[in-house]
Amino acid sequence: EAEATRYVALHTSIPVPAVYDFWVEDDGRACLIMEYKDGEMLQRQWRHLSMDQKMTVMRVLRGFLDELHNLCQPYPKGSIGSVSGKAFIDLQISGQSLYGPFQDEAAYNDWRISTFSFFGEQHFPTKLRLQQLRDEMPNDHQIIFTHGDITRRNILIRVVGEGANDVCVVAILDWEQAGWRPEYWE
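For our numbering, count along the sequence shown from 1 and bump the result up by 153.
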């Protein structure tokens, strides 16, 4: 998370908390000290915003996502991994395990199907279906930088009035799942 947050701060105009320190304890726990950003979670405020304010927030977020998705990959183009090309966390796949990195989308798709191989070993029709699914998976998506968990709970806003321009995005938080993924990922 520290690495991705620093990368985004350096290469985009997206507001993120400054990372002051990061270390790993002897027991493996990661510790991160970040700047406090004063704002409200979009998740809590969304229903209180006017339609014009919601449109303002969505336009700003669209711009931020465009910035992320247009970043140039600094290591072998087309590889899938963390911001620096190493293994990555994806809580949509499973817990806190690290995955990859993968040299390209084909290797990534092979791995995704392999996570279900246990079921195929137990049941031949399932094995055939898994192979069919893999054969149908495209390997040619553009690889872009993604946040990985862009939800309303990870967006801080500030509202100072009732007008469309009286709302601003203060910060995007929680970059632990960020990295280089196929374009459909976000």
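We put the beta carbon where it would ideally sit given N, CA and C, even for glycine.
message: Within a Cβ cutoff of 6 Å, which residues of the same chain sit near Gly301, ignoring the five residues on either side of it in sequence?
response: Translated into positions along the sequence shown, residue 301 becomes position 148. Answer for Gly301: Gln330 and Ala331, listed in chain order.
query: Could you give the residue range of the alpha helix (DSSP H) that holds Thr279?
result: Counting from one through the sequence shown, the residue named residue 279 turns up at place 126. Its alpha helix (DSSP H) spans residues Phe277 to Glu289.
message: Starting from Trp328, trace the alpha helix (DSSP H) in both directions and tell me its first and last residue.
response: For the purposes of this step, residue 328 is taken as residue 175 along the sequence shown, with counting starting at 1. That residue, Trp328, is in no alpha helix (DSSP H); it is neither H nor E in DSSP.
message: Any contact between the region 214-234 and the region 160-179? By contact I mean 3 or more CB pairs, one from each, below 8 Å.
response: yes
query: Taking Cβ positions, are Gly234 and Trp333 nearer each other than 9 Å?
result: Looking up residue 234 in the sequence shown gives position 81. Looking up residue 333 in the sequence shown gives position 180. The answer is yes: Cβ separation under 9 Å.
message: For Trp328, which residues in the same chain have their Cβ closer than 6 Å to its Cβ, ignoring the five residues on either side in sequence?
response: As a working note, residue 328 is residue 175 in the sequence shown. Around Trp328: Glu154, Ala157 and Thr158.
- request: Assign Asp180 to one of three DSSP states: helix, strand, or coil.
  value: For the purposes of this step, residue 180 is taken as the residue at position 27 of the sequence shown. Reduced to three states, the DSSP call for Asp180 is coil.
message: Do Ala240 and Leu251 count as a contact pair if the criterion is CB distance below 9 Å?
response: Along the sequence shown, read from residue 1 onward, the residue named residue 251 stands at position 98. Along the sequence shown, read from residue 1 onward, the residue named residue 240 stands at position 87. Closer than 9 Å, so yes.
query: Can we say the region 185-197 touches the region 296-315, given the rule of at least three CB pairs closer than 8 Å?
result: yes
message: Taking the alpha carbon of Ile303 as the reference point, which residue from Pro170, Leu326 and Arg282 has its own alpha carbon closest?
response: One-based indexing of the sequence shown puts residue 303 at position 150. Closest option to Ile303, Cα to Cα, is Leu326.
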